[in-house]
Amino acid sequence: MTERERFHRTMHFDHPDRVPYGEIIGIAEETLQRWRGEGLPVDVHPDPYFGFDRREDLRIALDPVPSFPVEVISEDADYRVEQGADGVWRRFGRRGEATYQFVRFPLRSREDWQAFRKRLNPSSPCRYPMYWEDRKRTLEGRAHPLFIRAGSVYGWLRDWMGLEGISMALYDDESWVAGMMEEVTDFIVATLAPAVEQVPGIDYAILWEDMAGKNGPFLSPAHFRRLMVPQYRRITGLLRSHGIDTILVDCDGNHDSLNDLWLEAGVNGVHPLEVAAGEDPVALRKRYGKDLLLIGGIDKRALARGPRAIEEEVMGKAPYLLEQGGWMPSVDHAVPADVSFANYRYYLDLMARLAEGR
């Protein structure tokens, strides 16, 4: 069975030879650095080394163009403030702190939006890979799934405005936020339309939002239904009209109160199912049956605690989810550096035995 056939059978509740393997978010670079000191060969690509199923990004660029200049805004003995390519100013400590503080966001007013929106030109040639015609030919007859990134309706605006900025705007000037969401969706649809028209058989699409925390979403379900569902339907309508019927959303945090709305809007899968925020793939499968596809939900914290915790975590979820179908195993975010190489190999071996019926 090819990787592409395996993916489609899994996502359509059919019976593959085994479920696809892989980390939907990935493995953190600092984790790989640790593992190279614990036995991971230094000269391998991690995905094929671990036996992960191949998947390929069509790589349509949806970033603001041009990007903002990356530059140091100010610095002193204690801090350095930098502007990133996204236009956000961040303050970094000089004592080796792993975290940073947000200082300023590029989108603070309607006037800022008039300038920012010029960076969302769907006709910019750099949005499509170089030698596009050759790229399309290389995808013909592939044996692995191909996916397309389908943008963001809320998450991008939150990045450009900051959480406080967009939250205040939703209540102080909702029409402005609604207008930006509509324009962002115009940009996404116009940018993706040639790709889905010219590349037959794209296997799935991924939207990105990250619009929830441990205690729930950052905006109300009422705001979501009023402002976002109509825009999502434009994106999912384009995708489905070209045969893309697996449409996933990447959202951290607890998004349980939004799942019904995503389904209403044409999205039928969620990942990475962050356990620390209360996401439970078993409960979601029991609630939604075959309506909702699931990827992830394996608690990264259990992998750090060792074999017994790994067995409890995996055996409490995987047998049921594998039997029901429509689930791909994955850690519930990027694999962090507190997970040892030995623990991760133990997890993979256990999951492989379950997935292959051994």
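For the sequence shown, our numbering gives the first residue as 2, with consecutive numbering after it.
The C-beta atom is built at its ideal place from N, Cα and C for all residues, glycine as well.
All figures in this text were calculated on a predicted structure; none of them were measured in a lab.
In this structure, does DSSP put residue i in helix, strand or coil?
i, result
"Val45", "coil"
"Glu154", "One point to set straight first is that residue 154 is Val, not Glu, in the sequence displayed. Coil at Val154, not helix or strand."
"Ile296", "strand"
"Arg128", "helix"
"Tyr147", "Here residue 147 turns out to be Leu, not Tyr, going by the sequence shown. Correct three-state label for Leu147: strand."
"Trp39", "The question names Trp, but residue 39 in the sequence shown is Glu. In this structure, Glu39 counts as coil in the three-state DSSP scheme."
"Glu24", "coil"
"Glu31", "helix"
"Glu57", "strand"
"Glu141", "coil"
"Met12", "helix"
"Arg306", "helix"
"Gly290", "helix"
"Arg5", "helix"
Under 9 Å between the Cβ atoms of residue i and residue j?
i, j, result
"Ile299", "Ala284", "no"
"Phe1", "Gly180", "Because the chain spans 2 through 359 in this model, residue 1 falls outside it and cannot be assessed."
"His224", "Val250", "no"
"Arg184", "Arg235", "One detail in the question is off: residue 184 reads as Glu in this sequence, not Arg. Not closer than 9 Å, so no."
"Pro123", "Thr192", "yes"
"Trp209", "Ser168", "no"
"Asn269", "Asp246", "yes"
"Asp58", "Leu147", "yes"
"Met352", "Tyr50", "no"
"Ile189", "Val197", "no"
"Gly290", "Thr11", "no"
"Ala78", "Arg95", "yes"
"Gly217", "Asp257", "yes"
"Leu355", "Leu323", "yes"
"Leu108", "Gly166", "yes"
Return the residue from the list the options that minimises the CA-CA distance to residue i.
i, options, result
"Gly142", "Glu4, Gly358 and Tyr321", "Glu4"
"Gly52", "Leu208, Glu24, Val82 and Gln232", "Glu24"
"Val276", "Glu134, Gly238, Arg10 and Ser331", "Ser331"
"Gly317", "Asp292, Asp58, Gly358 and Asp281", "Asp281"
"Glu83", "Pro65, Val104 and Ser68", "Val104"
"Tyr101", "Arg95, Arg109, Leu108 and Arg91", "Arg91"
"Val230", "Leu295, Asp246, Leu264 and Ile149", "Leu264"
"Ser68", "Gln232, Gly88 and Arg138", "Gly88"
"Glu314", "Gln325, Phe14, Tyr348 and Ala335", "Tyr348"
"Ser242", "Ala170, Leu274, Gly217 and Pro195", "Pro195"
"Leu259", "Met182, Met12 and Tyr155", "Tyr155"
"Thr237", "Trp161, Asp64, Ala151 and Gln199", "Ala151"
"His334", "Ala310, Gly290 and Ala278", "Ala278"
"Ala170", "Leu220, His9 and His46", "Leu220"
"Val45", "Asp54, Leu33 and Arg56", "Leu33"
"Arg288", "Asp261, Pro308 and Asp79", "Asp261"
"Leu240", "Leu121, Pro222, Val200 and Met2", "Val200"
"Val71", "Gly85, Leu274 and Tyr80", "Gly85"
"His145", "Glu312, His16 and Asp54", "Asp54"
"Leu41", "Tyr321, Tyr345, Asp350 and Ile74", "Tyr345"
"Ile311", "Ser125, Ala343, Met329 and Pro17", "Ala343"
"Met131", "Ala206, Ile61 and Gly244", "Ile61"
"Arg286", "Trp133, Tyr129 and Met329", "Met329"
"Gly267", "Leu274, Pro308, Ile207 and Tyr321", "Ile207"
With hydrogens ignored, establish whether the beta-carbon of residue i is closer than 8 Å to any heavy atom of the ligand PLP.
i, result
"Val45", "As for the ligand PLP, it is missing from this structure, which has no ligand bound."
Is there a Cβ of chain C sitting closer than 9 Å to that of residue i, yes or no?
i, result
"Val45", "Note that chain C does not occur in the displayed structure, where there is just one protein chain."
Checklist entry - Can you give, in chain order, each stretch of the beta strand (DSSP E) that sits fully within the stretch 213-285 and has at least 3 residues? => result 248-251 and 270-272
Checklist entry - Quick check: the stretch 224-234 against the stretch 27-35, are there 3 or more CB pairs under 8 Å? => result no
Next on the checklist: Measuring CB atoms only, is the stretch 291-307 touching the stretch 330-348, in the sense that at least three cross pairs come out at less than 8 Å?
Outcome noted: yes
Checklist entry - What are the complete beta strand (DSSP E) segments, minimum 3 residues, inside the stretch 156-216? => result 205-209
Checklist entry - At which residue ranges does the stretch 309-359 contain complete alpha helix (DSSP H) runs of 4 or more residues, listed in the order of the chain? => result 319-325 and 342-356
Checklist entry - Counting only runs that start and end within the stretch 59-135, where is the alpha helix (DSSP H) found for 4 or more residues in a row? => result 111-117
Checklist entry - Okay, do the stretch 200-217 and the stretch 168-176 touch, 3+ Cβ pairs below 8 Å being the bar? => result no
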